[in-house]
Amino acid sequence: QQQVKQSPQSLIVQKGGIPIINCAYENTAFDYFPWYQQFPGKGPALLIAIRPDVSEKKEGRFTISFNKSAKQFSLHIMDSQPGDSATYFCAASISGSGNTGKLIFGQGTTLQVKP
Amino acid sequence: NAGVTQTPKFHILKIGQSMTLQCTQDMNHNYMYWYRQDPGMGLKLIYYSVGAGITDKGEVPNGYNVSRSTTEDFPLRLELAAPSQTSVYFCASRWAGVDYEQYFGPGTRLTVT
Numbered sequence: 002q003q004q005v006k007q008s009p010q011s012l013i014v015q016k017g018g019i020p021i022i023n024c025a026y027e028n029t030a031f032d033y034f035p036w037y038q039q040f041p042g043k044g045p046a047l048l049i050a051i052r053p054d055v056s057e058k059k060e061g062r063f064t065i066s067f068n069k070s071a072k073q074f075s076l077h078i079m080d081s082q083p084g085d086s087a088t089y090f091c092a093a094s095i096s097g098s099g100n101t102g103k104l105i106f107g108q109g110t111t112l113q114v115k116p
Numbered sequence: 008n009a010g011v012t013q014t015p016k017f018h019i020l021k022i023g024q025s026m027t028l029q030c031t032q033d034m035n036h037n038y039m040y041w042y043r044q045d046p047g048m049g050l051k052l053i054y055y056s057v058g059a060g061i062t063d064k065g066e067v068p069n070g071y072n073v074s075r076s077t078t079e080d081f082p083l084r085l086e087l088a089a090p091s092q093t094s095v096y097f098c099a100s101r102w103a104g105v106d107y108e109q110y111f112g113p114g115t116r117l118t119v120t
C-alpha cells in the first residue's frame, strides 16, 4: 500500500513531442505528490509538485494532471526538447503533524528526446 | 552555499569490509535522508533523521547504520559489505514543515566486489 507505480520505464520522443509519464498509488493518506528530474551523474532535483485538492498544475512546459478518484497522476512535457532528456521520478508523501517528509518514489522513467 | 555534498564520489569495497559515506549540508536543514538507487527500482529510503541526535529506519535499513551528532552531518556506515550493497547512494536534506523540497547531493557510486 506504500508503493507508487510508475510507467513507462523508458520513453523516446521526437523534439516537440509531448511525453506522458504515469503514476498510480494506493494509500489515500498520501497528500503531496512531487516529480523529480535527474540528469546522468547528478542527484534528483524537484521539478514540480501537486496536492490532491487541485486537478492540474503547470510550471512552464511541465504539467501535472491529478485524478484523485482513480489515484493516478501524470507528468506531461509540452514541446519537449533534447535538454529534457533525463530520468523522471514521481513520488508521494504524507504531510501533517508528525510529518517526516519521507518520500515514496516510483521506479523512474528514462526519457530520450531526439533532435 | 555548497548545498548537499557527498564523499567519496566513487568507491570499490571488498566483501566484508566496512566504510562510511559522508554527507554534509550547509543549509541548516533539520531533516536529512539516505537513499539508494538501483536500476529500475527508483530510490529507496535507508535511514532518515529529523534533527541532531534523532534517527530512524527507512524502507531498507539492513546492513547500514547512521548517526547525526550535528545538524550539518549525516554519515552512513556500511558494516560487513555485501555485493547486494552495490548501488548509488544519495543523501538529501530539507526544511522541517510541509511541502518543502528535498535537496539531493551528487551521489556516491559504490561497488562491492
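One line per chain: the protein sequences are A and B, in this order.
Sequential numbering from 2 applies to the first sequence in this note's numbering.
Sequential numbering from 8 applies to the second sequence in this note's numbering.
Where a beta carbon is used, it is the ideal one built from N, C-alpha and C, also for glycine.
In this text, all values refer to a predicted model and were calculated from it rather than measured experimentally.
What are the partner residues of residue 58 of chain B, as DSSP defines its beta bridges? For residue 58 of chain B, which the question treats as bridged, DSSP gives the partners B/61.
Min CB distance residue 42 of chain B to chain A below 9 Å: yes
Run of the beta strand (DSSP E) containing residue 87 of chain B, from where it starts to where it stops: No beta strand (DSSP E) holds residue 87 of chain B; DSSP gives it neither H nor E.
Close-in-space but distant-in-sequence residues of the same chain around residue 75 of chain B (CB under 8 Å, 5 per side omitted): 39, 56, 58, 59, 60, 61, 62, 81
Extent of the continuous beta strand (DSSP E) to which residue 97 of chain B belongs: Going by DSSP, residue 97 of chain B is part of the beta strand (DSSP E) stretching over 94 to 101.
Test item: CB-CB of residue 10 of chain B and residue 33 of chain B under 9 Å: yes
Name the two residues that bound the continuous beta strand (DSSP E) containing residue 114 of chain A. 110 to 115
C-beta atoms of residue 86 of chain A and residue 108 of chain A nearer than 9 Å: No, the pair does not count as a contact, with Cβ atoms beyond the cut-off.
Do we get a CB-CB distance below 9 Å when we pair residue 80 of chain B with the residues of chain A? no
Leaving aside the five residues before and after residue 68 of chain B along the sequence, list all residues of the same chain whose C-beta is less than 8 Å from its C-beta, in chain order. 53, 54
From this set, A/37, A/33, A/8, A/17, which residue's C-alpha is nearest residue 23 of chain A's C-alpha? A/8
What are the boundary residues of the beta strand (DSSP E) that residue 67 of chain A is part of? 63 to 68
Using a C-beta to C-beta distance shorter than 8 Å, which residues of chain B count as neighbours of residue 89 of chain A? Within chain B, no residue comes near residue 89 of chain A; the closest Cβ sits about 11 Å away, beyond 8 Å.
Step through the CB atoms of chain A and report whether any lies within less than 9 Å of the CB of residue 109 of chain B. yes
Chain-ordered chain A contacts of residue 73 of chain B [CB-CB under 7 Å]: Ordered by position in chain A, no residue passes the 7 Å Cβ test against residue 73 of chain B, which lies about 14 Å from the chain.
With 16 other Cβ atoms within 10 Å as the buried cut-off, status of residue 105 of chain A: buried
How should residue 87 of chain B be labelled, buried or exposed, when 16 other C-beta atoms within 10 angstroms of its C-beta is the threshold for buried? exposed
Quick one: what's got a C-beta closer than 7 Å to residue 32 of chain A's C-beta in the same chain, skipping five residues either side? 52, 53, 95, 96
Is there a Cβ of chain B sitting closer than 9 Å to that of residue 26 of chain A, yes or no? no
Residue 106 of chain B - DSSP class collapsed to helix/strand/coil: coil
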